[in-house]
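The sequence shown begins at 37 in the working numbering and counts up one residue at a time.
Accompanying notes for the structure given below.
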Amino acid sequence: MAFKQDKFAEVIKEFTVGTEALKEIAANFRQDLKLGLKNPDDSSLRMLKSYVGLPTGKEKGEYLALDFGGTNVRVLRIRLEGAGKYEVVKRVGKPLKVDGIYDYVGLGSKCEDMFDFLAGLIDEAVDGDHQTKFLLGHTFSFPSEQTNLDNAKLIIWTKEFATEGVEGKVVNDLLRDALKRKGVDNVEPVAVINDTVAVLLSAAYKQDDTRIGSIYATGHNTCYLEPYADKAEPPMILNLESGGFSKLAPNRYDKMLDEASEKPGEQRLEKMVSGRYMGELFSMGLAILYDDARWRYGFTSIDMSGIIADSSPDKSEVVRIVSGRVGKEPDAAECADIQKLAKVILTRSVRLVTATFVGILWQLAGEGKLGRQHIAVDGSVYEKMPGAKEGIMATLQELLGEDAAEVDTILDNGGSGLGAAIAAAMAEG
Ligand code: BGC
């Protein structure tokens, strides 16, 4: 299994997006936003209504927050103190899948088992108290069609979730039934929101001038506050489901990955940018370089972080991670190329995500000037991938020129939980 140095330039080129192409993507994203506002069927963005606007920052009281949408589920008891202040009183969390022990998300897993697991975690968070009434906000991080703040029906699983019997169902009804089965019906779900919405609520609770919220993690998605300036409707946060954006130019790796995924044809942007998939793209690129027909080396985005971050002279981390997955030690020249491959895949991801932010910023500015604002972002890729945050800022500058000075991104760590509590308070209030 020799390393094909001559293929390197080609692979790198396939993952490179230049400025003009990127500007076009931002413009197409804005166009899809406009189309979606008129009729979501004409857009690759689902533009889902959340039935909630921004908080005042004065919301108060103690609420339960269920944060469900990635590999780990968390339940928190959060005391909102108003003035943008809060305290986490209790926190419990468990993974949805432990290899060889249980799996609530893989093929063959069942709806009731999954929701019983969630109810069990909620029971832990209330310390088995089956008397006191608790209002619960639920951050449910999948495309859901809402009719009000409490009623959200799962349209389709993403992020390779495959649990049977949940698609098409109202998730808080499933949760209520499970709570009843556990005897925890003193807990009342009152709000359900997407994690992007949660991040925006959480950031806006603490700070003004935030109208865009994004998750850049296992999955990817963005929401924004639609002002409905020319309509009588009050401003409302729209969950774009931007991971479904499809006016892109996928390369052969993107196509291969999509075909092998749980839901081919869906989530085209997400499959090019998010943490769940970047490691797979990296595996495929590396397989081409090794001229190896297999591409399932199993690299993760955490591996990619380790590879990118390795600044040691002997590239010991790169050697360790790559030989662990591929079964072959790369030499010094190969290590340098492997590191470049990881960087170029991350860079493409960052640039595409930023182009979608710019599409939203352009849409919000309309014919006028871009207002001063923050984009609230949460997620492991944004927080932990070396250079991701800086890459977003550089790309904003590249696409917006001097207007980029008006915008920054802020990390809203833990926004998924806090946002759920705020949504519960807003539902009550
Ligand atoms: C889901 C979104 C979610 C995002 C981040 C995507 O797969 O479709 O609803 O916001 O992941 O968790």
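Every residue gets a Cβ at the ideal spot worked out from N, C-alpha and C, and that includes glycine.
Do you know offhand how far E148's Cα is from A188's? Stepping through the sequence shown from its first residue, residue 148 is reached at position 112. Stepping through the sequence shown from its first residue, residue 188 is reached at position 152. The alpha-carbon atoms of E148 and A188 are separated by roughly 17 Å.
Three-way DSSP call (helix, strand, coil) for S250 in this model: Residue mapping note: residue 250 aligns to position 214 of the sequence shown, counting from 1. If DSSP states are grouped into helix, strand and coil, S250 belongs with the strands.
Beta-carbon proximity list for C371, same chain, < 6 Å, skipping 5 on both sides: The count along the sequence shown starts at 1 and reaches residue 371 at position 335. Same-chain partners within the cutoff: K351 and V354.
Pick out the complete beta strand (DSSP E) segments inside the segment 192-260, 3 residues or longer, and give them in chain order. 223-229 and 246-252
For the beta strand (DSSP E) containing G315, name the first residue and the last one. For the purposes of this step, residue 315 is taken as residue 279 along the sequence shown, with counting starting at 1. Careful: G315 lies outside any beta strand (DSSP E), inside the alpha helix (DSSP H) at G311 to L325.
Less than 7 Å between C-beta atoms, sequence neighbours within five positions excluded: which residues of the same chain meet that for R212? The residue given as residue 212 occupies position 176 in the sequence shown. If we look at R212 and ignore the five residues flanking it on each side, its Cβ neighbours are P225.
Quick check: what's the CA-CA separation for Y333 versus Y418? For the purposes of this step, residue 333 is identified with residue 297 of the sequence shown, where counting begins at 1. For the purposes of this step, residue 418 is identified with residue 382 of the sequence shown, where counting begins at 1. Cα to Cα, Y333 sits roughly 24 Å from Y418.
If you scan the segment 53-140 from start to end, which runs of the alpha helix (DSSP H) of 4 or more residues do you find wholly inside it? 55-74
Unbroken stretches of the beta strand (DSSP E), 3 residues or longer, contained in the segment 271-304: 272-275
Using 8 Å as the Cβ pair cut-off and three pairs as the minimum, do the segment 124-142 and the segment 274-281 touch? no
Three-state class that DSSP yields for A188 in the structure shown: As a working mapping, residue 188 is identified with position 152 in the sequence shown. Three-state result, A188: strand.
For G386 and Q167, what's the separation of their Cα atoms in angstroms? For the purposes of this step, residue 386 is taken as residue 350 along the sequence shown, with counting starting at 1. For the purposes of this step, residue 167 is taken as residue 131 along the sequence shown, with counting starting at 1. Note on residue identity: the sequence assigns Val, not Gly, to residue 386. C-alpha separation (whole angstroms): 48 Å.
Check the Cβ-Cβ distances between S352 and every residue of chain C, and say whether any is below 8 Å. Absent from the structure is chain C; it holds one protein chain and no more.
Are the CB atoms of L284 and E316 nearer to each other than 8 Å? Sequence index remark: in the sequence shown, residue 284 carries index 248 (1-based). Sequence index remark: in the sequence shown, residue 316 carries index 280 (1-based). No, these two residues do not count as a Cβ contact at 8 Å.
L377 by DSSP, collapsed to three states: which one? By 1-based counting over the sequence shown, the position of residue 377 is 341. Helix, per DSSP.
Where D159 falls, given that 16 or more other Cβ within 10 Å makes a residue buried: Translated into the one-based positions of the sequence shown, residue 159 becomes position 123. That one is buried.
Quick check: the Cα distance between P300 and Y313, rounded to an integer number of angstroms? The count along the sequence shown starts at 1 and reaches residue 300 at position 264. The count along the sequence shown starts at 1 and reaches residue 313 at position 277. Going from the Cα of P300 to the Cα of Y313 covers about 13 Å.
By a C-beta neighbour count over all protein chains shown, 10 Å radius and 16 as the cutoff for buried, is V134 buried or exposed? Residue 134 sits at position 98 when you count from the first residue of the sequence shown. Per the 10 Å Cβ criterion, exposed.
Enumerated in chain order, which unbroken segments of the alpha helix (DSSP H) with a length of 4 residues or greater are wholly contained in the segment 355-428? 368-401 and 416-420
On the three-pair Cβ rule with 8 Å, is the segment 239-247 touching the segment 63-72? no
Does the Cβ of Q182 have 16 or more other Cβ atoms within 10 Å, making it buried, or fewer, making it exposed? Locating residue 182 in the sequence shown gives position 146, where the first residue counts as 1. When all chains shown are included, Q182 counts as buried.
In angstroms, rounded to a whole number, what distance separates the CA positions of Y99 and A227? The residue given as residue 99 occupies position 63 in the sequence shown. The residue given as residue 227 occupies position 191 in the sequence shown. The alpha-carbon atoms of Y99 and A227 are separated by roughly 11 Å.
Under the rule that 16 or more other beta-carbon atoms within 10 Å means buried, what is I114, buried or exposed? One-based indexing of the sequence shown puts residue 114 at position 78. Classification of I114: buried, given that the 10 Å Cβ count is 16 or more.
Go ahead and pull the three-state DSSP assignment for F335. Residue 335 sits at position 299 when you count from the first residue of the sequence shown. In this structure, F335 counts as coil in the three-state DSSP scheme.
Ends of the beta strand (DSSP E) at L154? As a working mapping, residue 154 is identified with position 118 in the sequence shown. Counting along the chain, L154 falls outside any beta strand (DSSP E), though it belongs to the alpha helix (DSSP H) covering C147 to A161.
Is the beta carbon of A456 less than 8 Å from the beta carbon of A101? Walking along the sequence shown from the start, residue 456 turns up at place 420. Walking along the sequence shown from the start, residue 101 turns up at place 65. Taking 8 Å as the Cβ cut-off, A456 and A101 qualify as a contacting pair.
Please report the distance separating the alpha-carbon of K379 from that of M150. Walking along the sequence shown from the start, residue 379 turns up at place 343. Walking along the sequence shown from the start, residue 150 turns up at place 114. Each residue's alpha carbon lies about 37 Å from the other.
Is any heavy atom of the ligand BGC found at a distance shorter than 7 Å from the C-beta of F178? In the sequence shown, the residue the question calls residue 178 occupies position 142. Yes - the ligand BGC has a heavy atom lying nearer than 7 Å to the Cβ of F178.
Suppose contacts are defined by Cβ-Cβ distances below 8 Å. Is L190 in contact with S180 by that definition? Within the sequence shown, the letter at position 154 stands for residue 190. Within the sequence shown, the letter at position 144 stands for residue 180. Against a cut-off of 8 Å, the Cβ pair of S180 and L190 comes out as a contact.
When you compare each of Y289, G423 and F393 to E50 by their alpha carbons, which one comes out closest? For this step, residue 50 is matched to residue 14 along the sequence shown. Closest option to E50, Cα to Cα, is Y289.
Let me know if D186 comes out buried or exposed under the rule of 16 or more other beta-carbons within 10 Å of its beta-carbon. Working through the sequence shown from its first residue, we reach residue 186 at position 150. Flag for D186 reads buried.
Burial state of D373 (16 or more Cβ within 10 Å): Looking up residue 373 in the sequence shown gives position 337. Classification of D373: buried, given that the 10 Å Cβ count is 16 or more.
Could you check where the alpha helix (DSSP H) with L454 kicks off and where it finishes? Taking the sequence shown and counting its residues from 1, the one referred to as residue 454 is at position 418. Per DSSP, L454 belongs to the alpha helix (DSSP H) from G451 to E464.
By alpha-carbon positions, which one of D414, I396 and L172 ends up nearest to G407? In the sequence shown, counting from the first residue as 1, residue 407 sits at position 371. Per the Cα distances, I396.
Pick helix, strand or coil for F44, following the three-state DSSP scheme. The residue you call residue 44 lines up with position 8 of the sequence shown. It is helical.
Suppose contacts are defined by Cβ-Cβ distances below 8 Å. Is S452 in contact with D152 by that definition? Within the sequence shown, residue 452 is the residue found at index 416, counting from 1. Within the sequence shown, residue 152 is the residue found at index 116, counting from 1. Not a contact, by the Cβ cut-off of 8 Å.
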